[in-house]
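Colleague: Have a look at this one.
Residue numbers (full-length UniProt numbering): 1 to 629.
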């Protein structure tokens with residue numbers, strides 16, 4: 001139920017909009033004191049473990065009792081045994097922890113409080129002798145509970161059980177609105193796909209009829225706009241516009257193929273035949289095709305095959321380009337929010353502009369650096385997940401700031417003295433983010449929580465090796481980081497441990513990203529080498545290539561993908577270039593151009609027309625609107 005926090009923010013926004021300030025204050029206070037932790041399993045488990053480690057048996061029993069009353073009591077009867085086993089395991093872990101830390105008074109207090117409740121349970125029969133046994137870790141009855149394997153298994157079982165329960169719980173209507181909207185969207189896409197297939201099949205049949213000299217069965221005479229209007233409105237069926245553009249680009253049109261005014265013509269035998277202008281247009285089109293090809297096969301199969309192949313070759317189409325020129329110096333960071341409605345760009349002077357890319361670039365908010373420090377270049381920038389109004393940035397001065405674009409103000413500032421913020425990445429699921437920091441002494445990867453405004457933990461620290469770029473997987477459980485020694489390190493956020501560390505490049509890795517299947521990773525090194533590897537077989541290179549990149553890139557986003565993961569937008573010296581993966585001169589699709597040096601890029605595919613943003617050394621951002629295939 002990771003989207004509970006998002007709905008909480010929507011409720012707060014609504015209460016603020018309505019002016020219910022007292023209700024908002026009460027709502028905020030109750031959220032801070034809630035025991036479900038926003039139904040975040042990791043937070044609940046952490047809280048239970050915290051009570052065990054601090055020997056707070058009262059709070060431990062109170063939290064478990066609350067979960068039992070609020071959640072567990074509504075489950076079916078077959079869950080009762082599992083709930084009781086987990087409760088007993090937590091209590092036994094409390095006793096073991098007290099023994100390991102030499103707290104006999106806590107053990108005595110435990111039995112004074114719970115003897116009456118536990119004495120009727122056969123599972124606790126042998127545990128009433130526990131306070132009187134020396135070295136219980138050597139006793140065959142209790143030794144298993146002192147093992148790390150048992151404790152880890154218990155924590156994982158507790159985590160999985162709570163996760164399963166929360167997933168099976170009936171959701172209130174407010175939490176299911178997004179799910180229903182996604183279902184409707186999926187059904188609409190399937191409907192559009194079937195309609196497109198039917199349209200393609202009809203076109204192939206018409207082509208076959210033309211080549212055989214058969215007059216196709218066509219609708220009666222109508223004006224062109226009436227035919228176009230037969231499709232669903234653009235707002236309901238965005239692919240209508242795509243189909244129209246595809247027909248124009250392929251030289252065909254629904255108007256050209258219909259029967260219009262009829263002309264009379266005398267054939268070689270002196271007979272008069274009626275030929276429609278639609279047929280003449282189709283024949284002229286075929287004649288043009290024959291001049292463009294060396295040799296045209298007159299057979300039906302070859303003609304149909306060629307027409308279908310032309311359609312499959314259709315790739316991205318550049319519809320329009322505009323420039324955003326509000327920056328006065330090099331743009332080194334650019335990121336779109338999740339819906340693609342806003343773009344944030346940061347320059348080398350520390351100035352951040354938030355603007356709308358379509359229909360034409362327009363500034364929404366400007367954030368300028370505070371203080372007289374000249375070392376304010378924006379080195380990291382990312383949007384808070386699933387929220388359209390908040391984003392974070394980091395700079396060379398060691399400052400991390402949270403901004404609200406709606407109220408145009410800074411909500412949070414974290415200062416790392418004499419430190420450089422190298423990268424900053426928001427978790428796609430919850431309110432946490434990681435940042436890589438480096439000073440003269442050591443480099444670190446830090447995990448922060450935006451809501452609590454506190455440092456949660458340190459994931460990595462090293463004096464000689466610097467973490468330069470990071471990305472999360474789709475569920476926010478794995479963090480993949482590129483290092484200055486050419487290695488990639490993978491962290492399990494939930495377990496707080498490193499699970500893999502392998503060499504990928506000979507030089508520093510400056511950008512890294514997962515493809516849409518979340519098992520293949522692409523990394524780029526400082527010398528311009530790009531390679532793809534599979535996370536399940538990290539020792540094997542799937543493909544590798546090398547391109548020329550600007551020497552002025554400051555660890556920004558220098559490549560990204562479309563939503564299918566089959567095309568790649570790369571920062572090149574003269575502008576962004578779109579390639580088919582793997583990138584090569586043969587796979588080059590579109591050169592977007594427009595820059596002396598391209599230092600950052602982003603590709604938003606949230607809407608029907610893809611939007612590519614590139615930032616250049618001359619201080620301009622170029623917006624390229626693409627028609628997706």
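All residues carry an ideal CB built from backbone N, CA and C; glycine is no exception.
When you compare the stretch 507 to 518 with the stretch 472 to 482, are there three or more beta-carbon pairs, one atom per stretch, that lie closer than 8 Å?
Modeller: Counting Cβ pairs under 8 Å, three or more are found: they touch.
Colleague: Keeping to the same chain, check which residues put their C-beta closer than 6 Å to that of residue 181; ignore five residues upstream and five downstream.
Modeller: Cβ within range, chain order: n/a, list empty.
Colleague: Just curious, the beta strand (DSSP E) that residue 335 is in, first and last residue?
Modeller: Note, residue 335: beta strand (DSSP E), 331 to 336.
Colleague: In or out: residue 40 buried (at least 16 other Cβ within 10 Å) or exposed?
Modeller: Classification of residue 40: buried, given that the 10 Å Cβ count is 16 or more.
Colleague: Count the other CB atoms, across all protein chains shown, that sit within 10 Å of the CB of residue 339; report buried if there are 16 or more and exposed otherwise.
Modeller: So residue 339 ends up on the exposed side.
Colleague: Does the pairing of the stretch 45 to 57 with the stretch 152 to 166 give three or more beta-carbon distances under 8 Å?
Modeller: Flag = yes, the stretch 45 to 57 and the stretch 152 to 166 touch.
Colleague: Identify whether residue 83 lies in helix, strand or coil by the three-state DSSP scheme.
Modeller: The answer is helix: DSSP assigns residue 83 an H, G or I state.
Colleague: Closest Cβ-Cβ distance between residue 600 and chain B: below 8 Å?
Modeller: Reference to chain B is not applicable here, since this structure consists of a single protein chain.
Colleague: With a floor of 3 residues, list each beta strand (DSSP E) that falls wholly inside the stretch 578 to 621, ordered by position along the chain.
Modeller: You should have 588 to 591, 598 to 604, 609 to 616.
Colleague: Can you name the start and end residues of the alpha helix (DSSP H) that residue 42 belongs to?
Modeller: Looking at the DSSP string, the run of the alpha helix (DSSP H) that includes residue 42 is 41 to 53.
Colleague: Would you kindly check if the distance between the Cβ of residue 446 and the Cβ of residue 639 is under 8 Å?
Modeller: The requested residue 639 does not occur in the structure, where the chain is confined to residues 1 to 629.
Colleague: Can you pull the DSSP bridge partners for residue 420?
Modeller: Answer by DSSP bridge pairing, in chain order: 438.
Colleague: Please look up how many angstroms separate the CB atoms of residue 356 and residue 341, rounded, as I've assumed it's under 8 Å.
Modeller: Residue 356 to residue 341, Cβ: 7 Å. Contact.
Colleague: Looking only at DSSP bridge pairs, what is residue 462 linked to?
Modeller: Residue 462 is bridged to 443.
Colleague: Roughly how many angstroms separate the alpha carbons of residue 129 and residue 71, rounded to a whole number?
Modeller: Each residue's Cα considered, the two are about 33 Å apart.
Colleague: Within its chain, find whatever has a CB closer than 7 Å to the CB of residue 602; leave out the 5 residues flanking it on each side and keep chain order.
Modeller: Answer for residue 602: 334, 335, 336, 557, 560, 613, listed in chain order.
Colleague: By Cβ distance below 7 Å, which residues in the same chain neighbour residue 348 in space, the five residues on each side in sequence not counted?
Modeller: Contacts found: 329, 330, 332, 377.
Colleague: Looking at the strands, I want to know which residues DSSP matches up with residue 367.
Modeller: Beta-bridge pairing links residue 367 to 352.
Colleague: Between which two residues does the beta strand (DSSP E) holding residue 561 run?
Modeller: Taken as a continuous stretch (DSSP letters only), the beta strand (DSSP E) holding residue 561 covers 559 to 561.
Colleague: Looking at residue 599: is its Cβ nearer than 8 Å to the Cβ of residue 616?
Modeller: Taking 8 Å as the Cβ cut-off, residue 599 and residue 616 qualify as a contacting pair.
Colleague: By Cβ distance below 8 Å, which residues in the same chain neighbour residue 9 in space, the five residues on each side in sequence not counted?
Modeller: Closer than 8 Å at Cβ, skipping near neighbours: 387.
Colleague: With a CB to CB cut of under 7 Å and the five nearest residues on each side skipped, what residues in its chain are close to residue 574?
Modeller: So the list reads 593, 595, once near-sequence residues are dropped.
Colleague: Going by CA-CA distance only, name the one from 506, 604, 354 that's closest to residue 409.
Modeller: Per the Cα distances, 354.
Colleague: Taking residue 402 as part of the beta strand (DSSP E), name the residues at either end of that continuous run.
Modeller: First-last of the beta strand (DSSP E) with residue 402: 399 to 404.
Colleague: Any idea if residue 95 is buried or exposed, counting beta-carbon neighbours within 10 angstroms, 16 or more meaning buried?
Modeller: That one is buried.
Colleague: Please classify residue 266 as buried or exposed, where buried requires at least 16 neighbouring CB atoms within 10 angstroms.
Modeller: Here residue 266 scores only 42 on pLDDT, less than 50, and its place in the model is too uncertain to base an answer on.
Colleague: With a threshold of 16 other CB atoms inside 10 Å of the CB of residue 16, please say whether the residue is buried or exposed.
Modeller: Per the 10 Å Cβ criterion, exposed.
Colleague: If contact is defined by three or more beta carbon pairs under 8 Å, each pair taking one atom from either stretch, is the stretch 147 to 154 in contact with the stretch 117 to 135?
Modeller: No: the two stretches stay apart, fewer than three of their Cβ pairs being nearer than 8 Å.
Colleague: What is the DSSP secondary structure of residue 57, reduced to helix, strand or coil?
Modeller: Three-state result, residue 57: helix.
Colleague: Where do the N-terminal and C-terminal ends of the alpha helix (DSSP H) with residue 475 fall, by residue?
Modeller: Unbroken run through residue 475: none, as it is neither H nor E.
Colleague: In three-state terms, what does DSSP make of residue 524?
Modeller: Residue state, collapsed to three classes: strand.
Colleague: In or out: residue 391 buried (at least 16 other Cβ within 10 Å) or exposed?
Modeller: It counts as buried.
Colleague: Using 10 angstroms around the beta-carbon of residue 144, count the other beta-carbons present and answer buried if the total reaches 16, otherwise exposed.
Modeller: By the neighbour-count rule (16 or more Cβ atoms within 10 Å), residue 144 is not buried but exposed.
Colleague: How is the beta strand (DSSP E) around residue 126 delimited, first residue to last?
Modeller: Where residue 126 is concerned, there is no enclosing beta strand (DSSP E), given that its DSSP letter is neither H nor E.
Colleague: Counting beta carbon pairs with one atom in the stretch 578 to 585 and one in the stretch 397 to 416, are three or more of them shorter than 8 Å?
Modeller: The answer is no - the stretch 578 to 585 does not touch the stretch 397 to 416, with fewer than three Cβ pairs under 8 Å.
Colleague: For residue 9, which of helix, strand or coil comes out of DSSP?
Modeller: Of the three classes helix, strand and coil, the one that applies to residue 9 here is helix, per DSSP.
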